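Under numbering that gives the first Met the number 0, the first residue of the sequence shown carries the number 0, and numbering increases by one thereafter. Cβ atoms here follow ideal geometry from the backbone N, Cα and C, with glycine treated the same way. These numbers were taken from a predicted model, which means no experiment stands behind them.
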Amino acid sequence: MMSIRIAIIGYGKIAQDQHMPAILANPDFEIVATASPHPHPEAPGQAFGTHGALIAGMAGRLDAVAICTPPAARYAIARDALDAGLHVLLEKPPAATLGEIQHLEALAGQSRRTLFTAWHAQHNPAVDAARALLAGKVVTAFHIHWFEDVRKWHPGQEWIWEPGGFGVFDPGINALSIATRILPVPLFVRAATLRFPSNRQTPIAASLTFASERGAFGAELDWRYTEGERWTIRAETADGGVIELHDGGATLLVNGERRAFGGAGEYRSIYERFAALIRTGQSDVDSDPLRIVADAYLAGRRELVEPFA
0 MMSIRIAIIG YGKIAQDQHM PAILANPDFE IVATASPHPH PEAPGQAFGT HGALIAGMAG
60 RLDAVAICTP PAARYAIARD ALDAGLHVLL EKPPAATLGE IQHLEALAGQ SRRTLFTAWH
120 AQHNPAVDAA RALLAGKVVT AFHIHWFEDV RKWHPGQEWI WEPGGFGVFD PGINALSIAT
180 RILPVPLFVR AATLRFPSNR QTPIAASLTF ASERGAFGAE LDWRYTEGER WTIRAETADG
240 GVIELHDGGA TLLVNGERRA FGGAGEYRSI YERFAALIRT GQSDVDSDPL RIVADAYLAG
300 RRELVEPFA
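Listed below in structure tokens is the structure:
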């Protein structure tokens with residue numbers, strides 16, 4: 000079977016650290032090109048400065064693209080790629096707005112090409128196990144704590160503070176993608192407080208309350224945490240069970256007991272799924288985590304906090 004010729008558009012940290020090793024480890028793919036405004040001599044394949052130059056220069060020699068740019072740029076790139084007859088993988092979050100991802104899904108259907116929203120946190124084996132454990136259960140309490148240090152994880156990245164950059168929802172949407180994957184009921188934002196540095200356009204912290212008739216459902220996201228990372232999700236069920244995910248979804252505790260899992264890792268799983276979707280002519284578009292972020296902005300109140308410098 001012919002390998003899938005793929006290019007990476009946006010050759011930054013996530014592309015270099017996660018996408019490239021996963022592609023190289025997957026025999027279904029052949030990396031043939033990259034596009035980045037900044038030269039990367041070590042990048043494999045042909046190098047281009049823009050996505051337009053890549054699509055034109057690789058015409059007839061390319062099957063798919065992985066788009067790893069900041070979110071605000073993804074819609075136009077994905078649209079052009081689909082128009083060129085290419086399959087598209089979108090790094091999370093898949094677009095800057097719900098309207099964009101909905102239109103891309105329609106375009107993928109019209110062009111009969113695969114569109115895949117790659118929520119990497121959903122690809123932990125522990126997440127699938129938590130989903131199975133909660134299936135058919137009555138969840139009586141649910142809470143997310145997603146704390147990290149923005150200076151550690153996004154040093155010098157100014158785009159995260161601009162409109163369309165998501166702010167604390169850039170990491171927080173990982174938690175929301177896990178929540179929508181594991182819960183047997185949908186999540187709806189009832190109230191939210193979004194805390195904006197007085198000199199920035201996106202929030203540095205957020206508190207969300209979800210609608211629930213059973214108990215407390217909520218999320219706390221904070222980019223000001225300097226004591227390591229706290230990436231935890233906890234669900235309590237009516238039969239007394241407690242399901243916890245730690246380490247960003249990599250570790251599962253059931254009633255306090257740790258469950259062990261293997262697996263090749265999030266991004267290898269992503270590319271295994273992408274290859275299968277392409278081979279079978281299907282798409283996998285999940286916009287629910289993005290919908291929750293949009294709802295938080297719609298239902299939330301804005302609170303100014305100290306400037307970020």
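With a Cβ-Cβ cutoff of 9 Å, do residue i and residue j count as a contact?
i, j, result
"Glu90", "Thr68", "yes"
"Gly166", "Trp222", "yes"
"Leu103", "Val284", "yes"
"Leu207", "Ala190", "yes"
"Ala234", "Ala140", "yes"
"Ala72", "Gly248", "no"
"Pro377", "Tyr266", "The structure shown has nothing for residue 377, since the chain only spans 0 to 308."
"Ala128", "Arg272", "no"
"Ile181", "Ile242", "yes"
"Val149", "Ile203", "yes"
"Phe168", "Ala205", "yes"
"Trp158", "Pro170", "no"
"Leu132", "Gly240", "yes"
"Val188", "Gly48", "no"
"Ile277", "His18", "no"
Residues in its own chain within less than 7 Å of residue i by CB, not counting five upstream and five downstream?
i, result
"Pro50", "With the sequence shown as reference, residue 50 is identified as His, and Pro is not the correct amino acid for it. If we look at His50 and ignore the five residues flanking it on each side, its Cβ neighbours are Ile8, Ala34, Ile76, Asp79."
"Ala366", "Outside the displayed span of the chain (0 to 308) sits residue 366, for which this structure offers no information."
By DSSP, does residue i sit in helix, in strand, or in coil?
i, result
"Glu99", "helix"
"Glu157", "helix"
"Pro69", "coil"
"Pro170", "helix"
"Ser110", "helix"
"Gly264", "coil"
"Trp152", "helix"
"Gln45", "strand"
"Glu243", "strand"
"His144", "strand"
"Ile203", "coil"
"Thr225", "coil"
"Leu88", "strand"
"Gly248", "helix"
Within a Cβ cutoff of 8 Å, which residues of the same chain sit near residue i, ignoring the five residues on either side of it in sequence?
i, result
"Ala6", "Ile30, Val31, Ala32, Thr33, Ala34, Gly44, Leu53, Met57, Leu61, Ala63, Val64, Ala65"
"Ala134", "Pro183"
"Ala274", "Ile3, Asn25, Asp27, Phe28"
"Glu305", "Pro196, Ser197"
List the whole-angstrom C-beta distance separating residue i from residue j, where the pair is believed to meet the contact cut-off of C-beta under 8 Å.
i, j, result
"Leu186", "Thr179", "6 Å"
"Tyr10", "Ala55", "18 Å between Cβ atoms; not a contact."
"Gln109", "Glu161", "The pair is not a contact, with the Cβ atoms about 31 Å apart (cut-off 8 Å)."
"Arg213", "Val138", "7 Å"
"Arg111", "Gly280", "7 Å"
"Thr236", "Leu244", "Contact flag wrong, Cβ pair sits at about 14 Å."
"Pro36", "Ala46", "In fact, because the Cβ distance is near 11 Å, the residues do not count as touching under 8 Å."
Can you list, in chain order, the residues of its chain with a C-beta nearer than 6 Å to that of residue i? Leave out the 5 residues immediately preceding and following it.
i, result
"Asn173", "Ala120"
"Phe146", "Asp221, Tyr224, Arg229"
"Ser268", "His122"
"Tyr74", "Ala94, Glu99"
"Pro92", "Pro70, Ile172, Leu289"
"Ser282", "Ala107, Thr113, Leu114"
"Phe260", "Pro124, Ala125"
Let me confirm a value: residue i is counted as buried when at least 16 other C-beta atoms fall within 10 Å, else exposed. Which label applies?
i, result
"Asn254", "exposed"
"Ser286", "buried"
"Asp16", "exposed"
"Ala14", "buried"
Please confirm whether any heavy atom of the ligand GDP lies closer than 8 Å to the CB of residue i.
i, result
"Met19", "The ligand GDP is absent from the structure shown, which contains no ligands of any kind."
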